[in-house]
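I have placed the structure first, in the form of structure tokens, so that the comments after it can refer back to it.
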Amino acid sequence: MAKLNHRLASTNFFMQILNAPTREEIDAAHLEGKWLEIGVSSARNLFKISKFRSYCWLGLLISSIPIHLLSNSTVFTTEHRERTYHLTIATEEFLNGGVFFPPGASLLTSEVQTYGQLPGFYGTVGTAENYTDRESTLYKYISSSADLAKTWDRINVPDCMQYYLYNANSLDRYRNLILVVDHPGGWLRNEMWQDLQSGHDVFGYNASYWDRLVPANVSNHLFFDTSCEISVGEYIGGFFTDCAYSLGIDFINTEESVTNVNPFTFFKHFDFNIDGKNLTVPERGSDTILIKYCLSEPINSICYVGLSTALLFAVTLSVIIKSSIALVVTAGILRHYRQSPLVTIGDSIASFIEKPDKNSDAWSIVDIRKNWIYVGPKKWRVSSKRRWLAIPTSIWISSYLLFAITIATGIYFLYTYGFGGGECLAGCFASSHNANMFIGHAFPLVSSILIASSPQLLLSASYLAYNGLFTRLQVAREWSLFGTGFYPLRVTDPQGNQIATYRLQLPYKYSLPLIAVSASLHFLVSNTLYIVVSTGGYLKYYYDIVNLPGLPADSVVVVGFSPIYLLVVLIVSSILITIPIIFGFKKLPSNMIVVGANSLAISAACHASCLSHAMLDTFTQNNDTDNGETISRDTRERVMEVRQRNSSEYAEQTDMESVSMLYDHSTEPVAGNSMDSTDSVDVLGRIARSRVRWGVVEMPPEWYRILLRDEQVGHLSFGVEKDEVVPPEPGRWYL
């Protein structure tokens, strides 16, 4: 199960990288008036990225399906479930060499059953011939059990009755049973069946018939002997035994009766009035069975390890495909494209600062909640912002719709099968993993595996949606930090003050708990619905036994269901789905716009000023050497000349339509002792590689005159520390 979650996490990692758009793909989408998503895995990006990456993304997705459905059940165990045992009721002297005469003082043989007086829940008794033949298998077993029982386990009566009457795990620990009763001296036939002396028949047979089986006046330390069967059924809590009356319990009863089973009247359910004839009955009290203790024969569990080669091949092929795609991504084949994907929010900020998007240069604010685009200046209004605003409404709805479907499916199963509507085994809420319920009927092996594993696929889809919500909330947090102070950009290929990222978007304090939660839920779900491959005939009365290739002849494959595990899954899931909502109500800075993962909104907020002091910061840093050299006067003058020239370009613009040209920046060469002649002053590049903050930045005087507005208009973008970036003021106009 842990390996499954590791594969899910790694697949999610590579799918997000493949799904990340390049700058070229973003520009193409913006040109069409559309937008892509950055920092998250999004279906919106799928048909806008290159075909190669789209195919790889789909390959990872499709190859995950067989892994989730089949990997947990490719190797499976079979359980040998015994269904028959031998029941003997005898005194303690029977164990110590006391005389016994089969079939015992009860005089029950198969001939009595044929006569029509023996009810069906006393097991299967032997014939009179088998009881008289000392060489018969039945007689030898009774004789040997009297000697071997001394080595069996002694069990108290309540535990004994619980095991043999309500054990839906079948005979997994014990098999043959001797009930040791409190009846010193045994039973005399003539005392128990006194009417035989008066010439009456017992069960249709006279005294001479019984004399050859059980002597009239010799103590018999054996009371009853029979063979019992257990199987799945819709009777005693889903558990069927044909020896219920022999153990002192009604055929249909509840588990509470176990505590009241001792003592019991053995012939309680016997009909002694067949065809209107009054038959001989045992003397009052002679058939009262007071059990002292039980002796049970321990058995060793028998199980096999099975392997489905077809399923193993499908899983192996899926893993090979997935690994190959991961190797392609890891090897950097994507770098053969002209531009690298923008994987993190820092990648996108750096790209849009260094190369402003001409499609959004005249926009002031993009409202991702309403898909509004404001062209030209807009008045800044202070409002309370929450993280949930950074997630599109469609994502909230689709994610929680998936969660609702998942939980509703679980509730349906719990209601249908967990409260008596299904085929229960020893109570719907039994504690044992394999003792709860079976769904429907027997299936072929592959069908059973697909049915049992289908919730894993639904859970994985829910996890990806759940992970996506946290990722988007973290994108909103990371973006909002730039409105509160100066921070370096977290990028995949750091330069300057930028920092490297060893993760995608989620910090380890979120991603690791999410993986742990996913692993726990997958474990719980795997114990909620599971396959059971049973041999030994335990299920034969309830399910058809068919010959399954590669399995023992008497194998039955069924789908097991545990309501108690499902109940835990539902409780945990219901709690977990509230966490993104709680995190979503965390406040965002009021002096920062909400862009989410929207590439169009991000690009509109990244049109930096050409008057940034990032150039001087860079040259100062480059010349702070150990020998104390400082930046040369010629270099300073050249830098200021470039700033002045960039500023003068604004004077040529006369209307709002030309605002887009205000953000075009040429790269000017700078000569000086501190730089090679090939180096250049790249204002925007220097900003992107510095510690930045988002807010009001200074623009050239001509920029303000071009806007032709009575109100003073400011510009919102990223700047460095020496740019004196300040938060926007409420009521003022900004572009």
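In UniProt numbering, the protein residues as written are 1 to 735. Where is the CB? At the ideal position from N, CA and C, for every residue including glycine.
Report the rounded CA-to-CA distance for Tyr510 versus Ser308, giving the unit in angstroms.
-> The sequence position of residue 510 within the sequence shown is 510, counting from 1. The sequence position of residue 308 within the sequence shown is 308, counting from 1. Taking the straight line joining both Cα atoms gives about 37 Å.
Compute the Euclidean distance between the alpha carbons of Thr84 and Phe403, then round it to the nearest angstrom.
-> Stepping through the sequence shown from its first residue, residue 84 is reached at position 84. Stepping through the sequence shown from its first residue, residue 403 is reached at position 403. So the alpha carbons of these two residues sit roughly 46 Å apart.
With distances taken Cα to Cα, identify the nearest neighbour of His183 among His221, Leu165 and Ala216.
-> Locating residue 183 in the sequence shown gives position 183, where the first residue counts as 1. Of the candidates His221, Leu165 and Ala216, the one whose C-alpha sits nearest the C-alpha of His183 is His221.
So what's Val157 in DSSP terms, helix, strand or just coil?
-> Here residue 157 refers to the residue found at position 157 of the sequence shown. Val157: helix per DSSP, three-state reduction.
Can you tell which of Ser555, Val525 and Ser520 has the C-alpha that lies nearest to the C-alpha of Gly537?
-> In the sequence shown, counting from the first residue as 1, residue 537 sits at position 537. Ranking Ser555, Val525 and Ser520 by Cα distance to Gly537 puts Ser555 first.
With distances taken Cα to Cα, identify the nearest neighbour of Ala326 among Gln712, Tyr704 and Gln16.
-> As a working mapping, residue 326 is identified with position 326 in the sequence shown. Checked all of Gln712, Tyr704 and Gln16; the closest Cα to Ala326 is Gln16.
With DSSP collapsed to three states, give me the class of Asp225.
-> What you label residue 225 is simply residue 225 of the sequence shown in a count that begins at 1. DSSP places Asp225 in strand when its eight states are reduced to three.
Which of helix, strand or coil DSSP assigns to Glu724 = Indexing the sequence shown from 1 puts residue 724 at position 724. It is coil, neither helix nor strand.
Considering only C-alpha positions, which residue in the set Phe101, Thr11 and His86 is nearest to Trp57?
-> Taking the first residue of the sequence shown as 1, we reach residue 57 at position 57. For the residues Phe101, Thr11 and His86, the minimum Cα distance to Trp57 belongs to Thr11.
Counting pairs of beta carbons, one from the region 396–413 and one from the region 461–468, are three or more of them closer than 8 Å?
-> Yes, they touch.
Mind reading off the beta-carbon distance from Ile38 to Ile345? Whole number of angstroms is fine, and I expect it under 8 Å.
-> Within the sequence shown, residue 38 is the residue found at index 38, counting from 1. Within the sequence shown, residue 345 is the residue found at index 345, counting from 1. Yes, Ile38 and Ile345 are in contact; Cβ-Cβ is about 6 Å, under 8 Å.
What does a CB cutoff of less than 7 Å around Val382 pick up in its chain, not counting 5 residues either side in sequence?
-> For the purposes of this step, residue 382 is taken as the residue at position 382 of the sequence shown. Cβ within range, chain order: Ser590 and Pro730.
Through-space distance from Ile577 to Asp357, alpha-carbon basis | Counted from its first residue, the sequence shown places residue 357 at position 357. Counted from its first residue, the sequence shown places residue 577 at position 577. So the alpha carbons of these two residues sit roughly 38 Å apart.
Euclidean distance between Cα positions of Leu108 and Val125 = By one-based count along the sequence shown, residue 108 stands at place 108. By one-based count along the sequence shown, residue 125 stands at place 125. For the pair Leu108 and Val125, the Cα-to-Cα distance works out to about 7 Å.
How long is the line joining the alpha carbons of Val683 and Lys378, rounded to whole angstroms?
-> Locating residue 683 in the sequence shown gives position 683, where the first residue counts as 1. Locating residue 378 in the sequence shown gives position 378, where the first residue counts as 1. Distance between the alpha carbons of Val683 and Lys378 is about 27 Å.
Starting from the Cα of Ala350, find the closest Cα among Leu489, Leu171 and Pro444 and give me that residue.
-> For the purposes of this step, residue 350 is taken as residue 350 along the sequence shown, with counting starting at 1. Among Leu489, Leu171 and Pro444, the Cα nearest to that of Ala350 belongs to Leu489.
Going by other Cβ atoms of all chains shown within 10 Å of its Cβ, with 16 needed for buried, is Val558 buried or exposed?
-> The residue given as residue 558 occupies position 558 in the sequence shown. It counts as buried.
Cβ-based neighbour list, Val75, same chain, cut-off 6 Å, excluding 5 preceding and 5 following | Working through the sequence shown from its first residue, we reach residue 75 at position 75. So the list reads Leu307, once near-sequence residues are dropped.
Is His183 helix, strand or coil when you go by DSSP?
-> Against the sequence shown, residue 183 aligns to sequence position 183. His183 falls in the coil class under three-state DSSP.
Nearest-angstrom Cα distance between Ser648 and Glu698?
-> Locating residue 648 in the sequence shown gives position 648, counting from the first residue. Locating residue 698 in the sequence shown gives position 698, counting from the first residue. Legend: pLDDT at Ser648 = 49, less than 50; position of this residue unreliable, value from coordinates given subsequently. One Cα belongs to Ser648, the other to Glu698, and the distance between them is close to 15 Å.
Would you mind stating whether Val692 and Phe482 have Cβ atoms separated by less than 8 Å?
-> By one-based count along the sequence shown, residue 692 stands at place 692. By one-based count along the sequence shown, residue 482 stands at place 482. Yes. Within cutoff.
If we count the other Cβ atoms within 10 Å of its Cβ and call it buried at 16 or more, is Lys51 buried or exposed?
-> In the sequence shown, the residue the question calls residue 51 occupies position 51. Flag for Lys51 reads exposed.
With hydrogens ignored, establish whether the beta-carbon of Leu457 is closer than 7 Å to any heavy atom of the ligand ATP.
-> Ligands in the displayed structure: none, and consequently the ligand ATP is not present.
How many Å lie between residue 742 and Leu588 at the Cα?
-> Outside the shown range of the chain, which is 1 to 735, sits residue 742, and nothing can be said about it.
Taking contact to mean at least 3 C-beta pairs separated by less than 8 Å, is the region 52–72 in contact with the region 147–161?
-> no
Is it a yes or a no for the region 492–504 touching the region 517–524, going by three-plus beta-carbon pairs under 8 Å?
-> no
Excluding five sequence neighbours on each side, which residues of the same chain lie with their C-beta closer than 6 Å to the C-beta of residue 737?
-> Residue 737 lies beyond the residue range present for the chain, which begins at 1 and ends at 735; the question has no answer from this structure.
Apart from the five residues on each side of it in sequence, which residues of its chain come closer than 6 Å, Cβ to Cβ, to Ser717?
-> Start at 1 with the first residue of the sequence shown, and residue 717 comes out as number 717. Contacts found: His607, Ala608 and Val697.
Taking just the CA atoms, how far does Leu414 sit from Glu297?
-> To locate residue 297, count along the sequence shown from 1; it is residue 297. To locate residue 414, count along the sequence shown from 1; it is residue 414. Computed Cα separation, rounded: 37 Å.
Pull up the DSSP beta-bridge partners for Cys303, would you.
-> Here residue 303 corresponds to residue number 303 of the sequence shown, with the count starting at 1. In the DSSP output, where bridge partners are listed per residue, Cys303 has Glu79.
Please determine, among Ala331, Tyr565 and Tyr245, the residue with the shortest C-alpha to C-alpha distance to Ile411.
-> In the sequence shown, the residue the question calls residue 411 occupies position 411. Looking from the CA of Ile411, the closest CA among Ala331, Tyr565 and Tyr245 belongs to Tyr565.
Give a yes or no on whether the C-beta atoms belonging to Thr241 and Leu165 are separated by under 8 Å.
-> What you label residue 241 is simply residue 241 of the sequence shown in a count that begins at 1. What you label residue 165 is simply residue 165 of the sequence shown in a count that begins at 1. With contacts defined by Cβ atoms closer than 8 Å, Thr241 and Leu165 form a contacting pair.
How many Å lie between Gly672 and Lys722 at the Cα?
-> As a first step, residue 672 must be located in the sequence shown, where it is residue number 672. As a first step, residue 722 must be located in the sequence shown, where it is residue number 722. Interpretation of Gly672 is limited by its pLDDT of 40, a score under 50 that renders its predicted location unreliable; no figure is taken from the coordinates.
Ile299 and Arg175 closer than 8 Å at C-beta | Within the sequence shown, the letter at position 299 stands for residue 299. Within the sequence shown, the letter at position 175 stands for residue 175. A Cβ-Cβ contact shorter than 8 Å links Ile299 with Arg175.
Straight-line Cα distance separating Tyr417 from Leu567 = Taking the first residue of the sequence shown as 1, we reach residue 567 at position 567. Taking the first residue of the sequence shown as 1, we reach residue 417 at position 417. If I take the Cα positions, the gap works out to 12 Å.
Whose CA, out of Glu702, Glu24, Phe14 and His86, lies closest to the CA of Thr226?
-> As a position in the sequence shown, residue 226 is number 226, starting the count at 1. Out of Glu702, Glu24, Phe14 and His86, His86 has the C-alpha closest to the C-alpha of Thr226.
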